[in-house]
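Asker:
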Amino acid sequence: MCASANQSRFPTEIAIHLPGLSTPHVFLFPKIVVCMDCGFTEFSIPETELPRLAKNDPAAA
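Residue 92 is where the sequence shown starts when you use the working numbering, and the numbers rise one by one after that.
#1: What residues match up with I123 in a beta bridge as DSSP calls it?
#2: Pick out whichever of E104, G111, Q98 and V117 has its Cα sitting closest to the Cα of L51.
#3: In three-state DSSP terms, what is A96?
#4: Under a Cβ-count criterion, where at least 16 other Cβ atoms within 10 Å of its own Cβ denotes burial, should R143 be classed as buried or exposed?
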């Protein structure tokens, strides 16, 4: 984990690809924190979205 103070936050759109070619992606919209020195990036998935990933089902939530 990076300890630099040179970090910036950005809004994002992330598509998580679940197993299977015909399975729709799970779209998430977290804010990410990016170290502007080394590129390390961190984000959290909202607790309300975790069931969709746990079940490998984009419509489960």
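Ideal Cβ placement from N, Cα and C applies to all residues, glycine included. From a predicted model like this one, the values you see are computed outputs, not experimental measurements.
Answerer: According to the structure shown:
#1: Under DSSP, I123 forms a beta bridge with F101.
#2: Residue 51 cannot be examined here, being either before or after the span of the chain that is shown, 92 to 152.
#3: It is coil, neither helix nor strand.
#4: R143 is buried by the Cβ-count criterion.
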